[in-house]
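Numbering (my numbering), first residue to last: 31 to 260.
This is how it looks when you write it as structure tokens:
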């Protein structure tokens with residue numbers, strides 16, 4: 031299923047040598063290698079070497095700059111290539127690649143601008159701290175926007191490229207996805223959700239829960255202040 035609407039698959043990757051081969055093998059069922067980009071964010075394992083053997087696009091940061099920085103690098107790459115859509119999927123198999131066709135179908139048959147995976151927090155093996163963080167941040171964004179935000183932090187997303195050109199995000203960490211969501215909604219983007227399962231297979235998390243909640247709150251406060259100035 032090589033999509034015809036210029037849909038690129040972006041994989042931000044940090045120390046995922048154990049999971050990347052499985053993910054890429056699955057992704058090749060839906061994408062040609064030339065439409066897949068791995069952004070190696072300063073990994074200290076063999077992530078970059080593994081990606082290079084698959085002949086996919088590969089950009090490596092010399093140092094670990096954060097997930098937001100990896101995503102921005104990937105966005106810039108696909109925008110310069112003239113793509114219409116970008117699907118983002120984490121490199122540690124917490125997102126099921128078998129659901130890629132659902133995101134692709136949204137790109138082919140919808141007028142939505144942003145489609146986000148919504149994880150089931152109640153019946154899942156999601157660690158309690160992630161469950162609480164996801165619930166609380168999603169609730170805050172729902173109250174802030176007046177629209178239900180089912181999952182503010184999920185990185186499994188389909189994004190319309192021409193909407194990306196209308197926003198400017200400057201976060202480098204995990205809070206980047208919240209900032210991107212807020213600014214796309216403020217720009218008038220239409221959002222939809224896809225129910226997805228949660229997979230936590232023991233991959234070590236790069237998230238520092240308290241630190242990233244603080245960063246999330248800073249993003250929200252900054253957004254509210256800037257919105258009032260407009």
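Here a beta-carbon is modelled for each residue, glycine too, at the ideal position from N, C-alpha and C.
Residue 183 holds the alpha-carbon nearest to the alpha-carbon of residue 146 among 183, 75, 64. Inside the segment 88-159, DSSP marks whole beta strand (DSSP E) runs of 3 or more residues at positions 115-118, 144-149, from first to last along the chain. In the DSSP assignment, residue 70 falls within the beta strand (DSSP E) that extends over 66-71.
By the criterion of at least three beta-carbon pairs nearer than 8 Å, the segment 193-213 is in contact with the segment 96-113.
It is roughly 20 Å from the alpha-carbon of residue 133 to the alpha-carbon of residue 102.
Counting only residues of its own chain and dropping the five nearest sequence neighbours on each side, residue 89 has a CB closer than 8 Å to the CB of 67, 68, 69, 70, 103, 104, 107. Per the DSSP secondary-structure output, residue 176 pairs with nothing in a beta bridge.
The DSSP-derived three-state label of residue 74 is coil. Per DSSP, residue 51 is one residue of the alpha helix (DSSP H) stretching across 50-57.
Closest in C-alpha terms to residue 150, from the list 180, 65, 196, comes 180. For residue 43, the three-state secondary structure derived from DSSP is strand. Secondary structure note for residue 222: its beta strand (DSSP E) is the uninterrupted segment 221-226. Residue 244 sits exposed, since fewer than 16 C-beta atoms from the chains shown fall within 10 Å of its C-beta. If you compare the alpha carbons of 72, 142, 80, 112 with that of residue 52, the shortest gap goes to 80.
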